[in-house]
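Peer 1:
Set out below in structure tokens:
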């Protein structure tokens, strides 16, 4: 861009008036500056409006209609779609499943990855400098591995692992003499489908969050650990009193990321139980939305589900922030 | 507020905005644009003069676009017909595109008013026919036209082939493949053990006992195909109760699932599940993997399916399996239809959208497909008959399954029936849930009945769903 050349003359302040209270000095913007702003702010905002905000508004508008999705005609039906959702037992089941995912998946993932991160950074020998376990870099690589595999592949691999007749899991279990796992459908029983699904999601993410927490823990000044150790703190106490408070913001970010993932979870569900699992026990809102739109041809209702999902996601984020605020206390 | 608080607040806002940004894809998934609604001008390229050689007036040297579901039958058979069209209508150009996501791929084109000229609306992601029925051409003129050999197409077809594609009196879809629904088994395995396919549910239960003695199961299922057992149950119940059962289900009547014939069949199935004749674990098994356990491992004796099963499992069928079909079992001796009555329907619905640029071209492809050459090509390469009669020779091109289809069809005579309510209202997805639970023994016949009825009632009571009355 030839226009983006700073021109110094325009930065000179205009002559000041005689008034004692000078107005804040206002620089007249040069052409170059305007172009610069347009490109760095205007262009992204235009794209954002077109591809993010506008679909957002559109989805909301469609959620008020009876649009079937395959014609350009529809009627406005007010809030009828939302009312229908509140009485739709399958959708409500999906909402409950999503909330369960949003409660369990982030919590377990963060606890596990934080524990692993602690082990490889400060959990090592208690003599000498604070350090991680021996060969910690190997553990780090191994546990990061699942994250390098695309979600859909993770789902497909595990659905084969849990295959009742020829899967590795049942093969191992029956191999060590547990005959009741002969042809046991891990993903087909109400009692196990959801836990197994959660396990797969958590398996895929622990490594990534471990690396995230390692970075956060490495940022903590080691004097703090040294001081704590001089004061006689053990590993658990150091984790609770030093590590946790220092990586709090990272945990919050991780919680929100994982929560949003759990509220979506579409890819994992599509690979593990595309039809919603036994008795809909792993059906998620995104799956129900997809079915309603493309299989039942009710795009209006599906849009209402989308709006509901967005509202749930925002509420989730707000709840996490509020809890973090409240537990942090106001004393600092 | 202290500066530190300010700082946190701003970061909070940024993070919230970020979270919002991630929530948005969920919304935009649902918010596809309806903008750019096209003009209403239909068949803009129509301009050719009509004749027996060009009965729909396809414009000279025009282009035709077909989007074909690329599933069990592939799409090369339409490419074959497209070649015939290009030869017959010199200078025309036909493009055939495969797709496995018919609804997702074509939804924006229907909204935008520029759909393709011919669609094979099939597969798991097909568009609910009821949803687009208003936007489709009436195809009765294809049946009325003469085929490439000069015979009126209607006279060359099996009877009743127009039924599945007729919605409220309008022929919106031509179902091309004649599908026979049956219980499939390995003739060689049955012969070696002296078994015969069960003609009643009692015989089926007995056979289950014999199978168990050999450490085999009577049936097995896969999670995406649990409703194949619903198809089996409905067919058997219709044989027992006749039109009374069929119409109650088709018209989504209250307590249609509680009718005595339906209950009788469900009870028999419940016994099979309870006796352990159903291979456990189907609820967690991918359906083609499950089918391979039947066709390759021979872990189970029988599998209820449509006649696509042979083609679908071609590469995973044991040598000398001799796949053969038998009609669904009857319930009692006083059944309204004989044992030989058959659930058979034309499948693979081809539709021509009214707003297509070259609707006449779309119909011309159909005409080519329904002619002797293309229909025989299909039967031979896919080992399935089309709705065109007399394309399968006596030996079924060496396929036992195809041969048994011919035998079953001729044995049934005019006792051929089908139903559409599951597809018309897109209920399969919801019905899979109770069927998986029932087949794995989590719920009994009463529980299954209750859940199926509530799925049916939900559609029946939903004023926003257009109903198709079946008489």
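Residue numbers (our numbering), protein chains in the order written: chain S, 541 to 872; chain U, 66 to 536. Even for Gly, the Cβ is constructed at its ideal location relative to N, Cα and C. Computed from a prediction, not measured in an experiment: that's the story for all the values here.
#1: So is residue 289 of chain U in contact with chain S if we call contact Cβ pairs under 8 Å?
#2: Could you tell me which chain U residues have their CB closer than 8 Å to the CB of residue 814 of chain S, listed as they occur along the chain?
#3: Any C-beta of chain S within less than 9 Å: which residues of the segment 160 to 178 of chain U qualify?
#4: With a threshold of 6 Å on Cβ separation, who are the neighbours of residue 329 of chain U within its own chain once the five nearest residues in sequence on each side are excluded?
#5: Is the number of C-beta pairs between the segment 284 to 293 of chain U and the segment 419 to 426 of chain U that are closer than 8 Å three or more?
#6: When you check each C-beta in the segment 675 to 707 of chain S against every C-beta of chain U, which residues fall closer than 9 Å?
#7: Kindly list, in the order they appear in chain U, the residues whose Cβ is closer than 8 Å to that of residue 831 of chain S.
#8: For the segment 313 to 327 of chain U against the segment 245 to 260 of chain U, do three or more pairs of beta-carbon atoms, one drawn from each stretch, fall closer than 8 Å, so that the two count as touching?
#9: List the residues that DSSP assigns as beta-bridge partners of residue 294 of chain U.
#10: Give me the chain S residues within the contact set of residue 506 of chain U, using Cβ-Cβ distance strictly less than 8 Å, ordered along the chain.
#11: Using only the alpha-carbon positions, how far apart do residue 94 of chain U and residue 755 of chain S sit?
#12: Spell out whether any CB of chain U is found under 8 Å from the CB atom of residue 755 of chain S.
#13: Using alpha carbons as the reference points, say which of U:459, U:343 and U:376 lies closest to residue 244 of chain U.
#14: Skipping 5 residues on each side, what residues in its chain have a beta carbon closer than 7 Å to that of residue 838 of chain S?
#15: Provide the residue span of the alpha helix (DSSP H) that contains residue 233 of chain U, from first to last.
#16: Give the straight-line distance between the Cα atoms of residue 834 of chain S and residue 823 of chain S, rounded to the nearest whole angstrom.
#17: Between the C-alpha atoms of residue 165 of chain U and residue 178 of chain U, what's the straight-line distance to the nearest angstrom?
#18: Exposed or buried, residue 801 of chain S, counting other C-beta atoms within 10 Å across all chains shown (16 or more means buried)?
#19: Can you say whether residue 588 of chain S is buried or exposed, counting buried as having 16 or more other CB atoms within 10 angstroms of its CB?
#20: Select from the segment 181 to 199 of chain U all residues with a C-beta closer than 9 Å to any C-beta belonging to chain S, and list them in chain order.
#21: Should the segment 228 to 238 of chain U be called in touch with the segment 192 to 208 of chain U, which here means at least 3 C-beta pairs below 8 Å?
#22: From residue 610 of chain S to residue 469 of chain U, what distance separates their C-alpha atoms?
#23: Determine the chain U residues that contact residue 785 of chain S at a beta-carbon separation under 7 Å, and present them in chain order.
#24: Is the beta carbon of residue 818 of chain S closer than 8 Å to that of residue 502 of chain U?
#25: Using DSSP bridges, identify the partner residues of residue 388 of chain U.
#26: Going by alpha carbons, who is nearest to residue 783 of chain S out of S:749, S:768, S:596 and S:772?
#27: Can you tell which of S:721, S:678, S:593 and S:741 has the C-alpha that lies nearest to the C-alpha of residue 661 of chain S?
#28: Does any CB atom of chain B fall closer than 8 Å to the CB of residue 623 of chain S?
#29: Check this for me: beta carbons of residue 302 of chain U and residue 263 of chain U, under 8 Å apart or not?
#30: Would the segment 127 to 143 of chain U and the segment 383 to 400 of chain U be scored as touching if the rule is three or more Cβ pairs under 8 Å?
#31: In this structure, how does DSSP classify residue 363 of chain U when only helix, strand and coil are distinguished?
#32: Determine the burial state of residue 304 of chain U: buried for a count of at least 16 other Cβ atoms within 10 Å of its Cβ, exposed for fewer.
#33: How would you call residue 102 of chain U, buried or exposed, if buried means at least 16 neighbouring beta carbons within 10 angstroms?
#34: At a CB-CB cut-off below 8 Å, which residues of chain S make contact with residue 358 of chain U?
#35: When you compare the CB positions of residue 240 of chain U and residue 450 of chain U, do they come within less than 8 Å of one another, or not?
#36: Name the residues in the segment 453 to 472 of chain U whose C-beta lies less than 9 Å from a C-beta of chain S; which are they?
Peer 2: A quick look at the data gives this:
#1: yes
#2: What residue 814 of chain S touches in chain U: 289.
#3: 166, 168, 169, 171, 172, 175, 176, 177 and 178
#4: 396
#5: no
#6: 699, 700, 702, 703, 704, 705, 706 and 707
#7: 494
#8: no
#9: Paired residues: none, contrary to the question.
#10: None at all; the shortest Cβ gap to chain S is about 10 Å.
#11: Note that residue 94 of chain U scores a pLDDT of 42, beneath 50, so its modelled location is shaky and nothing firm can be said.
#12: no
#13: U:376
#14: 608 and 832
#15: Premise fails: residue 233 of chain U is in no alpha helix (DSSP H) and is neither H nor E.
#16: In a straight line, the C-alpha of residue 834 of chain S is about 16 Å away from that of residue 823 of chain S.
#17: 21 Å
#18: Residue burial is scored here from C-beta neighbours: residue 801 of chain S has at least 16 other C-beta atoms within 10 angstroms and is therefore classed as buried.
#19: exposed
#20: 189, 190, 191, 192, 193, 195, 196, 197 and 199
#21: Cβ pair count under 8 Å is three or more, so yes.
#22: 40 Å
#23: Near residue 785 of chain S there are no residues of chain U at all, since even the closest Cβ is about 15 Å away, more than 7 Å.
#24: Annotated as proximal: residue 502 of chain U and residue 818 of chain S, with beta-carbon spacing under 8 Å.
#25: The beta-bridge partner set that DSSP reports for residue 388 of chain U consists of U:251.
#26: Closest by C-alpha distance to residue 783 of chain S, out of S:749, S:768, S:596 and S:772, is S:768.
#27: It is S:678.
#28: Looking at the structure shown, chain B is missing, and the protein chains on hand are S and U.
#29: no
#30: Segments in contact, no.
#31: coil
#32: Residue 304 of chain U is buried by the Cβ-count criterion.
#33: Residue confidence for residue 102 of chain U is low, a pLDDT of 38 falling below 50, so the modelled location carries little weight and cannot support an answer.
#34: In chain order: 705.
#35: no
#36: none
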